[in-house]
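Residue numbers (the working numbering), protein chains in the order written: chain L, 11 to 343; chain P, 11 to 343.
There are 2 protein chains.
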Amino acid sequence: MRKVTITDVAKKANVSKSTVSQYLNKRFDYMAEKTKERIEQAIEELGYKPNIVARSLKQKSTSTIGVIVANILHAFSTQVIRAIEDYCHEYGFHIIVCNADDEPEKEKKYIEMLLAKQVDGLIIFPTVGNVDTYQDLVKANYPVVFIDRMVHDVKIPSVMLNNEKASDLAVTHFAEKGYKKIGIITTSVSHNVTPRIERVKGFKKSLVENNLPVINDFIKSLEVDEIQQGLKDMLQQENCPDALLAGNDLVLMEILKYVKDHSINIPTELAVIGIDDVEFAGVYYPTLTTIAQPTFEMGLKAATLILDKLQNKEIDSEEIYRFEPTLISRESC
Amino acid sequence: MRKVTITDVAKKANVSKSTVSQYLNKRFDYMAEKTKERIEQAIEELGYKPNIVARSLKQKSTSTIGVIVANILHAFSTQVIRAIEDYCHEYGFHIIVCNADDEPEKEKKYIEMLLAKQVDGLIIFPTVGNVDTYQDLVKANYPVVFIDRMVHDVKIPSVMLNNEKASDLAVTHFAEKGYKKIGIITTSVSHNVTPRIERVKGFKKSLVENNLPVINDFIKSLEVDEIQQGLKDMLQQENCPDALLAGNDLVLMEILKYVKDHSINIPTELAVIGIDDVEFAGVYYPTLTTIAQPTFEMGLKAATLILDKLQNKEIDSEEIYRFEPTLISRESC
DNA sequence: TTGTACGCGTTATCAG
DNA sequence: CTGATAACGCGTACAA
């Protein structure tokens with residue numbers, strides 16, 4: 011079955027391509043009623059559907075937003091994607107999602123691919139390894155929004171969690187419950203990723219504010235597959251932490267694994283709080299106290315920023331949009 | 011910054027467009043070395059990137075596969091998507107993922123959108139509400155593969171779990187452990203979705219084979235938000251089940267919620283098995299016995315089928331490719 | 001070995 | 001009110 015084009019419709023309706031095009035774009039201002047009907051009928055009979063690719067070429071707009079997530083394995087990523095999708099869909103935009111797997115190389119490749127595909131804008135969870143590429147995008151005045159992370163000296167708006175606050179909420183909660191020897195484990199060691207840095211920074215700061223000691227042995231940044239060993243090192247020493255903050259959902263899983271394997275009781279032997287409100291937090295034994303990110307709002311904000319920019323609304327490109335975390339108090343601390 | 015086109019490159023390198031095109035497509039057979047260098051340099055200096063949209067229009071191929079999932083909330087969906095992405099990426103294909111939210115209307119809209127976007131093929135988790143549309147695709151000989159579900163009388167290959175076997179594994183395991191009053195809860199009531207039907211069918215069949223009674227009160231198909239009530243009805247009667255099979259991950263979450271709220275002990279008061287191996291199965295208290303789907307293999311198969319079809323390899327369109335589930339025995343039964 | 005000319009499907013412009 | 005024509009950016013016979 012050959013594709014039916016606008017030319018076929020025009021032929022069948024005995025009008026010219028342009029007239030059909032007018033019809034399709036609802037410019038009936040001066041169109042004869044019977045012409046309209048003939049076209050309508052021809053389209054119907056032939057089952058004609060406009061070719062978006064051809065239209066995009068002409069219009070220089072694909073109504074598509076590219077989204078590059080650093081790591082799709084985080085629940086945060088999928089939730090944000092859903093929010094972006096919802097919003098874009100509402101405004102007639104499609105999204106193409108790519109997963110950079112935390113590799114700057116891959117990220118760069120995807121950026122190029124998406125540009126070549128002429129997406130109208132880009133939402134990126136930056137891997138921070140492609141500053142030059144980001145700068146090129148800025149120079150070209152290409153619509154880009156960062157989410158989850160920011161990149162210093164790059165004039166691209168960022169949608170971020172108030173990460174220091176997230177750590178602070180946790181530490182303060184630990185402190186209120188009487189825990190004094192508090193540790194933190196985060197991931198994303200290889201690249202200087204903002205959330206990790208800010209969470210550790212906020213962690214230390216909050217310890218000080220709560221008059222608690224900062225013990226460097228209790229502060230670790232590890233790749234996921236090193237976490238079991240790291241936990242062992244941390245928890246099997248004489249003086250070990252009695253409370254542990256998981257820097258994200260993947261770390262939390264590793265902690266729960268360790269705790270299970272070593273029959274450690276939560277929260278009597280070890281209190282636990284996780285950043286990111288995982289789906290099973292409420293049904294786990296004990297239920298898990300978490301710091302929730304407003305994922306939906308954040309995704310929405312990123313999408314709004316991009317679509318606004320496409321309409322040439324003025325956006326402050328230096329701006330960082332911070333969102334506040336909330337502590338969901340359950341039984342694990 | 012204006013977009014730089016092949017014409018700009020040609021001008022700069024003092025050659026014609028076609029020569030540049032040759033270069034881009036690596037047809038150097040008869041190209042002068044210095045011409046090559048000039049072009050190379052011009053591309054470099056201008057930062058030229060080919061416009062995929064224009065290329066697609068000419069080549070009538072977008073190197074893009076559309077994926078429509080019925081419900082992105084299932085862990086199964088995301089895992090399958092990752093597998094598809096991996097495979098497609100390897101072969102230079104991109105994917106566009108759409109979430110139909112279990113609504114046939116939405117699914118239909120997405121099918122039309124993806125076709126208009128000229129995707130080269132479609133992988134669909136069918137909602138079963140668009141048989142006519144599917145038939146149109148078949149008639150047009152358009153490359154489509156179904157996954158997770160099948161649709162009767164539609165000649166489209168399907169990649170599916172051996173669902174009856176999944177139920178059988180669970181029931182037999184329950185039986186071996188001495189449970190006799192076994193129930194099942196599934197979702198997707200509104201549409202006649204294959205997995206649910208097959209799982210219930212397999213469930214009943216296995217009960218009979220294990221010489222256990224089939225109690226209709228213990229077999230429920232409910233929308234997610236009705237499950238709490240359903241569990242109440244089922245578990246608060248005199249003679250209630252002592253073992254429960256969760257038809258998928260969402261049902262499992264609901265069961266765990268109920269169990270928590272009513273302080274029911276697993277497995278002494280109620281044994282539980284879930285179809286779909288959720289991430290926290292191994293760290294839950296107790297660890298959860300699950301029936302795992304080979305999600306990666308299934309996604310891979312779907313992707314392979316589509317790409318094969320694009321290369322006009324013969325594929326039996328009547329074929330249903332069944333994948334075997336495996337029981338992961340843990341503590342919840 | 002390189003250039004010319006045209007087609008892909010759509011839309012904008014402008015003449016009629 | 002409608003139609004011819006020229007783009008959009010790329011690829012490819014075919015000619016030179």
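We put the beta carbon where it would ideally sit given N, CA and C, even for glycine. These numbers were taken from a predicted model, which means no experiment stands behind them.
Examine chain L for any beta-carbon lying closer than 9 Å to the beta-carbon of P:Arg-92, and answer yes or no. yes
Are the CB atoms of P:Val-161 and P:Thr-305 nearer to each other than 9 Å? no
DSSP state of P:Cys-250 mapped onto helix, strand, coil: coil
What is the DSSP secondary structure of P:Thr-17, counted as helix, strand or coil? helix
Can a CB atom of chain P be found closer than 9 Å to the CB of L:Val-288? yes
When DSSP labels each residue in this structure, what does L:Arg-231 get in the three-state scheme? According to the sequence as given, residue 231 of chain L is Ser; it is not Arg. Looking at L:Ser-231 - three-state DSSP - the assignment turns out to be strand.
Does DSSP classify L:Leu-222 as helix, strand or coil? coil
Within the same chain, show all residues whose beta-carbon is closer than 7 Å to that of L:Val-14, passing over the 5 residues directly before and after it, in chain order. Leu-56, Gly-57 and Tyr-58
Proximal residues to P:Ala-52 (C-beta, below 7 Å), its chain only, five neighbours per side dropped: Val-19, Lys-22 and Ala-23
Can you name the start and end residues of the beta strand (DSSP E) that P:Arg-332 belongs to? 330-333
Counting only beta-carbon atoms, is L:Glu-122 nearer than 9 Å to chain P? yes
Below 7 Å between beta carbons is the criterion; list the residues of the segment 44-66 of chain L that meet it against any residue of chain P, in chain order. Lys-59, Pro-60, Asn-61, Ile-62, Val-63, Ala-64 and Ser-66
For L:Gly-309, which residues from the same chain have a beta carbon less than 6 Å from its beta carbon, with the 5 sequence-adjacent residues on both sides left out? Val-90, Ala-93 and Ile-94
Measuring alpha carbon to alpha carbon, tell me which of L:Ile-195, L:Ile-265, L:Leu-317 and L:Phe-156 ends up nearest L:Ile-229. L:Ile-195
Nearest CA to the CA of P:Asp-178: which residue from P:Leu-337, P:Ile-16, P:Thr-17 and P:Cys-343? P:Leu-337
Chain P partners of L:Ala-126, CB-CB under 8 Å? Lys-59, Pro-60, Asn-61 and Ile-62
Residues near P:Ile-316 by beta carbon distance below 7 Å, same chain, minus five either side: Ile-75, Gly-131, Ile-133, Pro-153 and Val-155
Contact check, P:Asp-4 vs P:Leu-171, beta carbons under 9 Å: With chain P covering only 11 through 343, there is no way to say anything about residue 4 of chain P.
Against chain P, does L:Gly-292 count as a neighbour if the rule is that its beta carbon must be under 9 Å from one of theirs? yes
Candidates L:Glu-122, L:Val-164 and L:Leu-280: closest to L:Met-244 by CA position: L:Leu-280
In terms of residue numbering, what span does the alpha helix (DSSP H) encompassing P:Ile-91 cover? 85-100
In the structure shown, what three-state DSSP assignment does P:Leu-337 receive? strand
Using CA atoms only, rank isn't needed, just tell me which of P:Ser-31, P:Lys-190 and P:Asn-173 is closest to P:Arg-209. P:Asn-173
Report yes if the C-beta distance between L:Leu-262 and L:Val-234 is below 9 Å; otherwise report no. no
Would you mind working out which of L:Asp-259, L:Cys-108 and L:Leu-254 sits nearest L:Ile-274, comparing C-alpha positions? L:Leu-254
Express the C-alpha separation of L:Tyr-268 and L:Thr-182 in angstroms, rounding to a whole number. 24 Å
Per DSSP, what are the beta-bridge partners of P:Ser-168 in this structure? P:Phe-156 and P:Ile-330
Count the other CB atoms, across all protein chains shown, that sit within 10 Å of the CB of P:Arg-37; report buried if there are 16 or more and exposed otherwise. exposed
Excluding the five sequence neighbours on either side, which residues of its own chain have a C-beta within less than 8 Å of the C-beta of P:Tyr-101, listed in chain order? Leu-317
Report all residues from its chain with a CB closer than 6 Å to the CB of P:Met-123; omit the five preceding and five following residues, and keep chain order. none
Report the CB separation of L:Ala-85 from L:Asp-286 in whole angstroms; it is logged as a contact under 8 Å. 6 Å
Cutting at 6 Å between CB atoms, please list the residues of its own chain near P:Glu-341, excluding the five before and the five after it. Pro-296 and Thr-297
Express the C-alpha separation of L:Lys-119 and L:Thr-72 in angstroms, rounding to a whole number. 20 Å
Residue from P:Ile-283, P:Gly-284 and P:Glu-264 whose Cα sits closest to the Cα of L:Gly-292: P:Glu-264
Check each candidate in L:Ile-78, L:Arg-332, L:Lys-46 and L:Lys-70 and name the one with the smallest Cα separation from L:Glu-117. L:Ile-78
At the level of alpha carbons, what is the spacing between P:Gly-193 and P:Cys-98? 40 Å
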